[in-house]
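J.: Residue numbers (our numbering), protein chains in the order written: chain A, 1 to 323; chain B, 1001 to 1323.
Idealized CB from N, CA, C, for every residue including glycine.
2 protein chains.
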Amino acid sequence: MNAGETAAVVKANAYGLGAERVSQALANEGTRTFFVAQAEEGVTVRAALGPGPEICVFGGHMDGDAPLIKDANLIPVINSIDQLLRHIEALPSQPFGIQLDTGMNRLGMESGEWSAVRDIALSQTPRLLMSHLACADEPQHGMNAFQRQTFRQMTDGIEAPRSLAATGGTLLGSDYHFDMTRPGIGLYGGLPFVDAQPVVTLSIPVIQVREVNPGESVGYGNSWVARVPGKIATISAGYADGIIRAMGPKAHVWAGETRCKIVGRISMDLIGVDVSSVKDMPDKVELLGPHQSIDSLADVAGTIGYEILTSLGNRYARRYIGP
Amino acid sequence: MNAGETAAVVKANAYGLGAERVSQALANEGTRTFFVAQAEEGVTVRAALGPGPEICVFGGHMDGDAPLIKDANLIPVINSIDQLLRHIEALPSQPFGIQLDTGMNRLGMESGEWSAVRDIALSQTPRLLMSHLACADEPQHGMNAFQRQTFRQMTDGIEAPRSLAATGGTLLGSDYHFDMTRPGIGLYGGLPFVDAQPVVTLSIPVIQVREVNPGESVGYGNSWVARVPGKIATISAGYADGIIRAMGPKAHVWAGETRCKIVGRISMDLIGVDVSSVKDMPDKVELLGPHQSIDSLADVAGTIGYEILTSLGNRYARRYIGP
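#1: Is it a yes or a no for the stretch 1284-1304 of chain B touching the stretch 1250-1265 of chain B, going by three-plus beta-carbon pairs under 8 angstroms?
#2: Looking at Ala66 of chain A and Leu91 of chain A, is the spacing between their C-beta atoms short of 8 angstroms?
#3: Run the CB neighbour count on Val228 of chain A, radius 10 Å, all protein chains shown included, and call it buried at 16 or more, exposed below.
#4: With H, G and I counted as helix, E and B as strand and the rest as coil, what does DSSP make of Ala1012 of chain B?
#5: With DSSP as the reference, please indicate the residues paired to His1252 of chain B in a beta bridge.
#6: Going by beta carbon distance, what residues of the same chain come within less than 6 angstroms of Ser293 of chain A, once the five residues before and after it are set aside?
#7: With a threshold of 8 angstroms between beta-carbons, can Glu54 of chain A be considered close to chain C, or not?
#8: Where Met1001 of chain B and Leu1191 of chain B are concerned, what is the direct C-alpha to C-alpha distance, given to the nearest angstrom?
#9: With 7 angstroms as the C-beta to C-beta threshold (strictly closer), list the residues of the stretch 1243-1264 of chain B near chain A in chain order.
#10: If we count Cβ pairs, one from each stretch, closer than 8 angstroms, do we get three or more for the stretch 1257-1273 of chain B versus the stretch 1152-1159 of chain B?
#11: So with CB distances below 9 angstroms, who are the chain B contacts of Leu270 of chain A?
#12: Could you say if the stretch 1026-1039 of chain B and the stretch 1003-1017 of chain B meet the contact criterion of at least three C-beta pairs nearer than 8 angstroms?
#13: Our contact map puts Ala237 of chain A next to Ile243 of chain A with C-beta atoms below 8 angstroms; I'd like the distance itself, whole angstroms only.
#14: Give the DSSP-derived three-state secondary structure of Pro76 of chain A in the structure shown.
#15: Which partner residues does Trp1224 of chain B have in the DSSP bridge list?
#16: I want to verify the contact list: residues of chain A whose CB lies under 9 angstroms from the CB of Ala1232 of chain B, in sequence order.
#17: Below 8 angstroms on the Cβ atoms is my contact criterion, and I expect Ile81 of chain A with Ala39 of chain A to pass it. Report the Cβ-Cβ distance as a whole number of Å.
#18: For a contact defined as C-beta to C-beta under 7 angstroms, what are the partners of Lys284 of chain A on chain B?
#19: Classify Val1206 of chain B: buried if its beta carbon has 16 or more other beta carbons within 10 angstroms, exposed otherwise.
#20: Anyone know if the C-beta pair for Gly1097 of chain B and Met1130 of chain B falls short of 8 angstroms?
#21: Where does the unbroken beta strand (DSSP E) through Asp1274 of chain B begin, and where does it stop?
#22: What three-state label does DSSP hand Val57 of chain A in the structure shown?
#23: Can you tell me which residues form a DSSP beta bridge with Gly52 of chain A?
#24: Ile1075 of chain B CB to nearest chain A CB: under 8 angstroms?
#25: Go ahead and pull the three-state DSSP assignment for Val1043 of chain B.
#26: Taking Arg315 of chain A as the query, report the chain B residues whose CB atoms sit under 9 angstroms from its CB, ordered along the chain.
#27: Less than 8 angstroms between the C-beta atoms of Phe58 of chain A and Val77 of chain A, yes or no?
#28: Quick one: using the 10 Å Cβ neighbour count with 16 as the cut-off for buried, is Thr170 of chain A buried or exposed?
#29: Can you list the residues of chain B that Val218 of chain A reaches, using a CB-CB cut of under 8 angstroms?
#30: Given that Asn222 of chain A touches chain B, what residues does it touch there, using C-beta distances under 9 angstroms?
#31: For the alpha helix (DSSP H) containing Pro1067 of chain B, list its first residue and its last residue.
#32: Please state the DSSP three-state secondary structure of Arg1318 of chain B.
#33: State whether the stretch 1161-1168 of chain B contacts the stretch 1279-1291 of chain B, with contact taken as three or more CB pairs (one from each stretch) at a distance under 8 angstroms.
#34: I want to verify the contact list: residues of chain B whose CB lies under 7 angstroms from the CB of Pro67 of chain A, in sequence order.
#35: Please list the residues of the stretch 1285-1307 of chain B that have a C-beta atom closer than 7 angstroms to any C-beta atom in chain A, keeping them in chain order.
#36: Give the DSSP-derived three-state secondary structure of Gln24 of chain A in the structure shown.
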């Protein structure tokens, strides 16, 4: 790692967008360090990038992972004494990082554990000491300063590079940057990075359009019934494509410049859309794009933009538009 | 198709379980007709099965699909006059089926459209006439008899094989079976087939276990705070694996025979679990299996078992246990 470096988080298939292509594009732009959640993901990213870039695994060194870590030359971020012992025993010369828990109680060594193994760990020259913020998307939350202070107490005076900030932490200011920041969602156009550029559009083909008369119902359970004459388009995607079923009652798509309400229940592969007010019916409608961001769609689904992205299904054809 | 045949719906990657392996297993058990949602899925199933079985595409013949339909020898189920004309023009000798709308207003020709093209369509000897029930999981719903009657009015006297019933319709009784039933969810252990055998188990590895003291919080946003001393396990899965984020506040996993509450927000790759009452901590916990079915998990997520299945993520290693 290099001081002041910006790494890239490409876990969860690069937040649903395709780890291979996203990692390659970021490497071409100069990214030298990548983070994944699990060793298997690291293998995928290594195959896409070839030797050279560093690939760190947040989940650390899990039982059975040694061959993957070795063959793909991954850097597990060790989370516990168990993992540290497992790593040193199985792969004594393989680089590793250390994750410290500074209050989120999710991953990483607690203060007591760290004290117990700190000397052993540091004698092996870890490539990185890191922690993760629980409330970085709430800049005023007292937890941020508390975690930063705890991180400093656990790591001040150690020579290894340090990293605390993901996207939210990066935006908290330079006090949180240490030696490396590691944005994830900010790369993919989502909050809390309000100035992020949208990076994904999603168009869904229309299978057919039909007229409905008052009293006719649409979809499962007859949950939507026409009150006036109208037109319904059936589009070719559903909850199996990650269009979260719960968003049905509140969600819209765009047919050209016309906002169109989803009607009836979202089914597995199909969705009904009220296109009564659309004059020139296009052959595709927009779910994500200029009219609707991942965060605005997340709002109607009662979730966060991250889940909209990671839910993007396998049946979509992903097309990548270069810089 | 053969009279009295039971076909299999393997769309959406066989409801998340793996279209190739599921289709092969069903073919080995004698299934001769398979249904998918989109032509691309049909190509996958054809590659898995080889020549012989019939593969029908609910979405019909979409613009641009002709090469896929021809090369994989698929049977598009035609939904509209547009699709019928497209099919006859592009692939005049390729078999097709016809979907009729009997009230769901989702896919298929309306009565008026069907009257207009019925003679042309029948002159091409369609392999199947089908429709789909909107309320089959509510046996007492008047919509069922209405749709059955409408289907008969549109198809009585025609020689082509007929199909109306998916899993729910099959359970409505022989009046709904016509020449072919085509179960989907019933094959995969879900309601409305109450006697279905569960077919999927899901185990999630534990990364680490930590002690928490009163006042310590777990996960993003400090949304869960310990009130008594306890133990928290961090498990290696999250909403990127299809564990719907909204289920967090109500969901449980099993550590051996002990039911353990999910605590804190479900994050992308990680979940916190209260394992304070677990005596012998296993290295994996159960999300789906003997203690929790897809439908009981769906209940706490506010959805249906189908969405639990189709959300199963790509990072899980799928292991198939033969009969």
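T.: Here's the rundown:
#1: Counting Cβ pairs under 8 angstroms, three or more are found: they touch.
#2: In this structure, Ala66 of chain A lies closer than 8 angstroms to Leu91 of chain A by Cβ.
#3: It is exposed - the Cβ of Val228 of chain A has fewer than 16 other Cβ atoms within 10 Å.
#4: Helix, per DSSP.
#5: His1252 of chain B is bridged by DSSP to B:Lys1261.
#6: Pro198.
#7: Of the chains in the structure shown, none is chain C; the protein chains are A and B.
#8: In this predicted model, Met1001 of chain B has a pLDDT of only 49, less than 50, meaning its place in the structure is not dependable enough to derive any value.
#9: Identification of residues in the stretch 1243-1264 of chain B having a C-beta nearer than 7 angstroms to some C-beta of chain A yields Arg1245, Ala1246, given in sequence order.
#10: The stretch 1257-1273 of chain B, when compared against the stretch 1152-1159 of chain B, does not touch it at the 8 angstroms Cβ threshold.
#11: Under the 9 angstroms cutoff, chain B gives Ala1037, Phe1058, Gly1059, Arg1106, Leu1107.
#12: Taking a cut-off of 8 angstroms for Cβ pairs, the stretch 1026-1039 of chain B and the stretch 1003-1017 of chain B touch, as three or more such pairs fall below it.
#13: At roughly 6 angstroms, the Cβ-Cβ gap stays under 8 angstroms, so Ala237 of chain A and Ile243 of chain A are in contact.
#14: Strand, per DSSP.
#15: DSSP output for Trp1224 of chain B lists B:Val1218 as bridge partner(s).
#16: Note that residue 1232 of chain B is Ile in the sequence shown here, rather than Ala. Taking a Cβ-Cβ threshold of 9 angstroms, the residues of chain A close to Ile1232 of chain B are Asn105, Arg106, in chain order.
#17: So it is not a contact: roughly 19 angstroms between Cβ atoms.
#18: The contacting residues do not exist; Lys284 of chain A stays about 10 angstroms from chain B at best.
#19: Residue burial is scored here from C-beta neighbours: Val1206 of chain B has at least 16 other C-beta atoms within 10 angstroms and is therefore classed as buried.
#20: Result yes, Cβ atoms of Gly1097 of chain B and Met1130 of chain B sit closer than 8 angstroms.
#21: From DSSP, the beta strand (DSSP E) with Asp1274 of chain B extends over 1271-1274.
#22: In the three-state reduction of the DSSP assignment, Val57 of chain A falls in the strand class, which pools E and B.
#23: Under the DSSP definition of a beta bridge, Gly52 of chain A lacks any partner.
#24: No, no contact with chain A.
#25: Val1043 of chain B: helix per DSSP, three-state reduction.
#26: In chain order: Ala1012, Asn1013, Ala1037, Gln1038, Glu1040, Glu1041.
#27: The answer is yes: Cβ separation under 8 angstroms.
#28: Per the 10 Å Cβ criterion, buried.
#29: Correct list: Met1104, Asn1105, Arg1106.
#30: Within chain B, the residues near Asn222 of chain A are Gly1103, Met1104, Ala1134, Cys1135, His1141, Met1143.
#31: Per DSSP, Pro1067 of chain B belongs to the alpha helix (DSSP H) from 1066-1071.
#32: Three-state result, Arg1318 of chain B: coil.
#33: As far as the Cβ criterion goes, the stretch 1161-1168 of chain B does not touch the stretch 1279-1291 of chain B, which means the pair count is below three.
#34: Neighbours of Pro67 of chain A on chain B: none; closest Cβ ~15 angstroms, over 7 angstroms.
#35: Among the residues of the stretch 1285-1307 of chain B, those with a Cβ less than 7 angstroms away from any Cβ of chain A are Gly1302, Thr1303, Tyr1306, Glu1307, in the order of the chain.
#36: Three-state result, Gln24 of chain A: helix.
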